[in-house]
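The working numbering numbers the first residue of the sequence shown as 6 and each following residue consecutively.
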Amino acid sequence: MLNSLLKRFKKSVPTDNYYRSLMKSMFLIGVVVPLMPMVLVSGIILYQFQVSYKKEVQTHLKEVVQKGKKSIDHFLKEKLADISILADTFSFEQFSDESFLEEILKNLQANYGPVFSDLGVINGEGFQVGYAGPIKSAKTRYSEADWYHEVMNTGHVISDVSSGLRNIPHFNLAVRKDWMGKHWVLRAIIDREALNRVVDGIGAGKTGAAFIINRDGEYQTGTLHSIHPGKETSMDFLGINEKGKSETSIVQRTNGSGNKNIYVTTFLKEGDWVLVYHQRVSEAFSGLRKIKTVALAVILMVSLLIGANALSLSKKMVRRIEQADKEKQKLNEQMFQTGKLASIGELAAGIAHEINNPVAIMVEEAGWIDDLLEEEEFHEGKNLNEFRRALQQIQIQGKRCKEITHKLLSFARKTDHKVQEVHIDKLIEDIIAISEKRAKYQWISIHTDIQKDLPSIEASENELQQVLLNLINNALDAMEKKGGTLSISAQLKKDNIVIDISDEGPGIPEDIISRIFDPFFTTKPFGKGTGLGLSISYGIVKKLGGEISVESVTDVGSKFRIMIPLSKDKGKDVKNPPTNLDSHVSTGNLI
């Protein structure tokens with residue numbers, strides 16, 4: 006199917022380089038002109054949509070991180086509040102009893118699960134005086150620990166994640182209380198897995214995940230293998246500079262694996278921790294990629310339609326231009342042929358004039374010889390009668406040549422538009438005299454039916470000669486192959502002289518009969534007809550205030566009718582000549 010389409014396309018492409026180049030130019034204009042604004046507008050709309058879509062995605066991610074921040078803050082504050090309530094409820098002496106402390110730990114684990122793993126009581130000197138947990142670490146000194154100094158200064162602390170003695174990641178929750186004028190601290194150890202479960206709930210999609218780091222870039226949740234971006238995560242990498250910064254920030258970074266990620270960060274625990282949410286850019290903006298794909302597909306389809314339409318229009322326009330150029334060339338050739346015919350007419354007039362002079366002399370000389378025969382002694386000659394017969398024949402044929410040259414000169418002279426009285430019957434007889442020899446050679450008989458005593462009309466005799474001669478020549482051309490009868494009639498009907506010229510030719514095709522009066526329209530072979538005869542005849546008849554019409558029947562013949570009014574109501578003009586069709590027609594040859 007594709008091959009057939011390509012073959013059809015190649016056939017429709019002009020072979021001439023000029024028209025092929027013209028078709029290419031028109032095709033490019035037809036594609037570029039509508040495509041450029043469409044692509045420009047589509048690009049602007051797509052860009053605006055992309056900016057808006059990215060803002061929506063970033064706003065959504067910020068909301069996700071803010072919700073995660075609230076969940077983590079709630080978790081930490083809730084556990085710190087639980088420890089603070091216990092410290093307010095029970096005394097230092099009660100917590101110093103390890104059996105009591107173990108009972109408290111069991112109750113906490115029963116209510117919260119394995120969130121609390123250890124409980125410890127530290128006195129004002131930094132020694133642990135009570136402990137409940139999996140490792141016995143009584144009398145352990147914490148006075149040098151950073152979290153201990155912070156809790157003694159601020160009254161409470163949430164420490165960073167560390168491995169401790171058990172080499173298990175955890176962080177401390179501690180509150181400071183007073184007993185008998187001395188400070189003491191209740192400390193709880195929270196397993197990091199409990200915090201991980203809260204952070205893992207923030208993730209979205211296949212690549213979305215969250216983790217917590219401290220100001221030094223150390224991971225507080227997750228594992229290094231699962232969340233490390235390919236190189237050590239740092240505050241600079243995430244674009245975080247100021248401690249205590251409260252707003253949420255978004256950056257895009259390429260990690261060590263070459264994947265482009267979007268990072269959303271916000272601060273926790275008064276700026277000591279940073280909650281980081283990261284997701285592949287391709288997944289975060291996957292909807293935008295789909296929309297871009299659809300938009301590009303639509304633009305491509307529209308471009309193909311524009312291209313197909315431009316190709317079709319360019320081919321049609323080039324074909325019309327090529328046809329118009331051919332018709333123009335044909336008209337130029339016909340005009341050239343018309344000029345040649347005019348030149349031939351002038352040449353014929355000159356030749357006729359030159360022939361007429363010696364013929365006149367010949368006739369005069371023949372008459373002079375005849376006179377001499379009467380005066381001289383030749384009247385007794387035995388060949389006298391033969392001389393006289395020959396001289397009489399010379400005079401007769403000379404006068405005939407003179408008449409022919411006079412008629413030829415009358416038709417070859419420039420058209421005289423002078424209006425005068427014209428006798429139609431005499432005009433038709435003169436034209437028949439010119440055409441009868443041609444008709445005889447083509448086996449065509451001429452039948453006339455001319456009413457006697459037809460009134461004269463006021464018209465240009467030369468113009469009427471041209472009209473009648475055109476119609477008679479057309480009739481002879483139509484019958485030149487098979488012969489036939491040429492019928493010419495002239496009758497007075499009401500106030501009009503009606504002239505009918507009928508032939509027995511093949512007729513005029515129905516599809517062209519409405520065009521036969523158009524200038525330069527002809528069905529004759531090239532070089533034989535100019536396409537001006539009927540057009541000029543139509544104009545002349547209309548100028549006389551008359552009508553010219555045609556009737557044609559297939560394989561029967563055609564009849565042209567001219568109606569010329571006797572009155573002087575002339576000068577009518579009709580742009581589209583009327584036609585009178587009696588039946589369908591097939592073929593015909595017209596000037």
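In this text, a Cβ means the ideal position worked out from N, Cα and C, and glycines have one as well.
- Non-local C-beta neighbours of residue 475 in its own chain, meaning closer than 8 Å and more than five positions away in sequence, comprise 538, 539, 541, 542, 596, ordered along the chain.
- Taken atom to atom, the span from the alpha-carbon of residue 69 to that of residue 42 is near 40 Å.
- Per the C-alpha coordinates, the member of 226, 74, 452 positioned closest to residue 173 is 226.
- DSSP assignment within the stretch 95-127 yields the following whole alpha helix (DSSP H) runs of 4 residues or more, N-terminal first: 97-101, 103-117.
- Between residue 38 and the set 157, 315, 224, 186, the nearest pair of CA atoms involves 315.
- Secondary structure of residue 186 (DSSP, three-state): coil.
- Taking 8 Å as the cut-off, the beta carbon of residue 489 is found closer than this to the beta carbon of residue 509.
- DSSP, read as helix, strand or coil, puts residue 164 in coil.
- Looking only at 458, 280, 214, 133, the smallest Cα-Cα distance to residue 102 is reached by 133.
- Contact between the stretch 197-206 and the stretch 52-63 is not established, with fewer than three Cβ pairs separated by less than 8 Å.
- Scanning 191, 428, 523, 494 for the CA closest to the CA of residue 336 turns up 523.
- Setting aside the 5 residues that flank it on each side, residue 492 is surrounded in the same chain by 452, 507, each with a C-beta closer than 6 Å to its C-beta; the list follows chain order.
- Residue 564 carries a strand assignment under DSSP once its states are collapsed to helix, strand and coil.
- Residue 157 and residue 188 have their alpha carbons spaced roughly 8 Å apart.
- Under the DSSP definition of a beta bridge, residue 265 partners with 259.
- The stretch 454-461 and the stretch 495-502 touch, with no fewer than 3 CB-CB distances between them shorter than 8 Å.
- Residue state for residue 388 is assigned as coil, using DSSP reduced to three classes.
- The Cβ atoms of residue 77 and residue 256 lie no closer than 8 Å to each other.
- The closest CA to that of residue 499, considering only 568, 79, 482, 436, is found on 568.
- In the structure shown, the three-state DSSP call for residue 133 is strand.
- A distance below 8 Å separates the beta carbons of residue 266 and residue 286.
- The residues 269, in chain order, have a CB closer than 6 Å to that of residue 66 in the same chain once the five nearest residues on each side in sequence are set aside.
- A contact is defined here as three or more CB-CB pairs under 8 Å, and the stretch 397-411 meets this definition with respect to the stretch 362-373.
- In the structure shown, the three-state DSSP call for residue 363 is helix.
- Its chain contains 410 as the residues whose beta carbon lies nearer than 6 Å to that of residue 360, once the 5 sequence neighbours on both sides are disregarded; these appear in chain order.
- Residue 180 is a Cβ neighbour of residue 89, given a cutoff of 8 Å.
- The alpha-carbon separation between residue 511 and residue 558 amounts to approximately 8 Å.
- Residue 209 and residue 79 have their C-alpha atoms roughly 21 Å apart.
- Shown here for residue 562: same chain residues with a beta carbon closer than 7 Å to its own, the five before and five after excluded, namely 507, 508, 509, 510, 512 in chain order.
- As the crow flies, the alpha-carbon of residue 148 is around 7 Å from that of residue 130.
- Comparing alpha-carbon positions, the option among 72, 297, 168 lying closest to residue 49 turns out to be 297.
- Ranked by Cα distance from residue 463, the options 479, 304, 222, 551 are led by 551.
- Partner residues in the beta bridge of residue 505, as assigned by DSSP, are 494, 566.
- Using a Cβ distance threshold of 8 Å, residue 124 and residue 115 do not count as a contacting pair.
- With fewer than 16 neighbouring CB atoms inside 10 Å of its own CB, residue 373 falls in the exposed class.
- By the beta-carbon neighbour count (other beta carbons within 10 angstroms, threshold 16), residue 177 is buried.
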